Amino acid sequence: MDSKKIELVTLITVAVAILAAIYFGFIASSSLTSASITNWIFAIAFAIYIVYQYIRTLDYEKIKNQLLEEIKALNQKVEQLNTILEEKSVQIDELKKSVNQKEQKISQLEKSNKQLTQKISDLEAHIEELKQQSNNPAI
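Numbered by our numbering, the letters in the sequence shown go through residues 28 to 166 in order.
Given below as structure tokens:
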């Protein structure tokens, strides 16, 4: 038994002993007046109330300890989630850099493509001129 259970058993035993002493010592010999009986009833009720409050306190301590354990577990979960969030944030930043690099490369390739398309157009125009010159011997 742990210390809390031993304390509880002790309190209950003391309460029973007090009640037995009151019954056998005073009530059985009928040496009490109605006023003193009323006082004893209030004293016994107060003792029972104290025992009841002590038992409730034990329950509250158990609940408090359970809640503290749950809070610890939740704090650990939050720390794990924060770590995962930081890792994912780093991965997102790396992906953004990669996307930006690829967009820059695409932009460069589009410029090159535009330049090559212009050169092809110029060459086609030049070929067309040469064809016209070859078809027109007067020039």
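Idealized CB from N, CA, C, for every residue including glycine. None of the values given here were measured: they were computed from a predicted structure.
Subject >> For leucine 35, the nearest candidate out of Asn92, Ala70, Asp86, Gln103 (CA to CA) >> reply: Asp86
Subject >> Under the three-state DSSP convention, the category asparagine 163 falls into >> reply: coil
Original post:
Using 8 angstroms as the threshold, is the stretch 112-131 in touch with the stretch 72-89, meaning 3 or more CB pairs across them?
Top reply: no
**OP:** Would you tell me roughly how many angstroms separate the C-alpha atoms of lysine 91 and isoleucine 98, rounded to the nearest one?
**Re:** 10 angstroms
Original post:
Is the distance from the Cβ of leucine 38 to the Cβ of tyrosine 81 below 8 angstroms?
Top reply: yes
Original post:
In terms of alpha-carbon separation, which member of Val78, Lys32, Lys31 lies closest to valine 43?
Top reply: Val78
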